[in-house]
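Asks:
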Amino acid sequence: MRFDVVSLFPDMFSAVRDLGVTGRAHKQGLWSLGLWNPRDFTHDVHRTVDDRPYGGGPGMVMMAEPLELAVAAARAGIAAEREPPGDIPVMLMSPTGKRFDQAMAQELAHGGGAILICGRYEGIDQRFIDRNVTHEVSMGDFVLSGGEIAALAIIDSAVRLLPGALNDADSALQDSFNTALTGLLDSPHYTRPEQYHGVSVPAELISGHHANIAIWRRQQSLALTAARRPDLIAAAREAGLLSKADEKFLRSLGGQAK
Numbered sequence: 000m001r002f003d004v005v006s007l008f009p010d011m012f013s014a015v016r017d018l019g020v021t022g023r024a025h026k027q028g029l030w031s032l033g034l035w036n037p038r039d040f041t042h043d044v045h046r047t048v049d050d051r052p053y054g055g056g057p058g059m060v061m062m063a064e065p066l067e068l069a070v071a072a073a074r075a076g077i078a079a080e081r082e083p084p085g086d087i088p089v090m091l092m093s094p095t096g097k098r099f100d101q102a103m104a105q106e107l108a109h110g111g112g113a114i115l116i117c118g119r120y121e122g123i124d125q126r127f128i129d130r131n132v133t134h135e136v137s138m139g140d141f142v143l144s145g146g147e148i149a150a151l152a153i154i155d156s157a158v159r160l161l162p163g164a165l166n167d168a169d170s171a172l173q174d175s176f177n178t179a180l181t182g183l184l185d186s187p188h189y190t191r192p193e194q195y196h197g198v199s200v201p202a203e204l205i206s207g208h209h210a211n212i213a214i215w216r217r218q219q220s221l222a223l224t225a226a227r228r229p230d231l232i233a234a235a236r237e238a239g240l241l242s243k244a245d246e247k248f249l250r251s252l253g254g255q256a257k
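Per numbering that gives the first Met the number 0, residue 0 is the first one in the sequence shown, and the count goes up by one each step.
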């Protein structure tokens, strides 16, 4: 898998390339990273990438040409690495985009990556978006200073799903939102010591009874999801992913399980 990032701050991506799970996966050759600074595709001594907005208003707008040339360079880099390059998603980090989720991360992991566009300033010339961007994605209902943090999150979420990226392949299967858990939130986790400030590890987890442990984890997942993300319960129910035992347990929770 390969990610190409168009950013005015490419150094920010050294962390995802060099550290932690993603850094180890990069060293193993499971994924590669291309970094493209729009300033390298300008034609003036000041390496200008932004200008005042037509129609007035605050802030500056990123110019179309440096971004488009950077995307073209990224496409050329991808083509040199794999033939044929295939259809490469060009994803703009934008508060007006579709909410990024685990399903999108899985799609990226299976599809081979994407070109990620990190905006800055007041925005990006719409003509670049119309000509080049295939997807606009958002991390949520808040605004960041630029798209880099969102792009880092997208890379991390997709890379960790690659076979061999995690020391224990089952770790990804137990993640929140994973379809193996019917899209529910993960259950709580505990480790040693068995007693901490007077609080014990739940008895089910130290019983050694694997069936009871599985039931406890499933019920904790259901309860947590019902309390914090009832929309995920509704989605799982609509998709027919909740068992009769699940529904019985949810009814025992009362109103929060609706």
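Heads up, the beta-carbon is just placed ideally off N, CA and C, and yes, glycines get one too.
Note that the structure is a prediction, hence the values are computed from the model and not measured.
(1) Just list the residues that DSSP pairs residue 185 with in beta bridges.
(2) Do the stretch 60-79 and the stretch 115-123 make contact, defined as three or more Cβ pairs closer than 8 Å?
(3) Between 38, 241, 101, 157, which has its C-alpha nearest residue 29's C-alpha?
(4) Any idea what DSSP makes of residue 250, helix, strand or coil?
(5) Quick check on residue 86: does DSSP put it in helix, strand or coil?
(6) Rounded to the nearest angstrom, what separates residue 5 and residue 127 at their Cα positions?
(7) Buried or exposed: which applies to residue 12, given that a residue is buried once 16 or more other Cβ atoms fall within 10 Å of its Cβ?
(8) Whole angstroms are fine: how far does the CA of residue 208 sit from the CA of residue 137?
(9) Once DSSP output is grouped into helix, strand and coil, what is the label at residue 132?
(10) Going straight from the alpha carbon of residue 37 to that of residue 144, what length do you get?
(11) Measuring alpha carbon to alpha carbon, tell me which of 163, 161, 122, 183 ends up nearest residue 61.
(12) Which runs of the beta strand (DSSP E) fall wholly inside the stretch 31-97 and span at least 3 residues, in chain order?
(13) Per the contact definition of three or more C-beta pairs closer than 8 Å, is the stretch 180-191 in contact with the stretch 43-61?
Replies: A quick look at the data gives this:
(1) For the purposes of this step, residue 185 is taken as the residue at position 186 of the sequence shown. In the DSSP output, where bridge partners are listed per residue, residue 185 has none listed.
(2) Taking a contact to require three or more Cβ pairs closer than 8 Å, the stretch 60-79 and the stretch 115-123 qualify as touching.
(3) Against the sequence shown, residue 29 aligns to sequence position 30. The candidate whose alpha carbon is nearest that of residue 29 is 157.
(4) Sequence index remark: in the sequence shown, residue 250 carries index 251 (1-based). Helix at residue 250.
(5) In the sequence shown, counting from the first residue as 1, residue 86 sits at position 87. Of the three classes helix, strand and coil, the one that applies to residue 86 here is coil, per DSSP.
(6) Within the sequence shown, the letter at position 6 stands for residue 5. Within the sequence shown, the letter at position 128 stands for residue 127. Taking the straight line joining both Cα atoms gives about 13 Å.
(7) Here residue 12 refers to the residue found at position 13 when the sequence shown is read from its first residue. Taking all protein chains shown into account, residue 12 has 16 or more neighbouring C-beta atoms within 10 Å of its C-beta and is therefore buried.
(8) Numbered from its first residue, the sequence shown carries residue 137 at position 138. Numbered from its first residue, the sequence shown carries residue 208 at position 209. Counting only the Cα atoms, residue 208 lies some 42 Å from residue 137.
(9) Counting from 1 along the sequence shown, the entry for residue 132 is found at position 133. If DSSP states are grouped into helix, strand and coil, residue 132 belongs with coil.
(10) Your numbering for residue 37 matches position 38 in the sequence shown. Your numbering for residue 144 matches position 145 in the sequence shown. Residue 37 and residue 144: Cα-Cα distance of roughly 17 Å.
(11) Sequence index remark: in the sequence shown, residue 61 carries index 62 (1-based). Per the Cα distances, 122.
(12) Within the stretch 31-97, the complete beta strand (DSSP E) runs of at least 3 residues are 31-35.
(13) No: fewer than three Cβ pairs fall under 8 Å.
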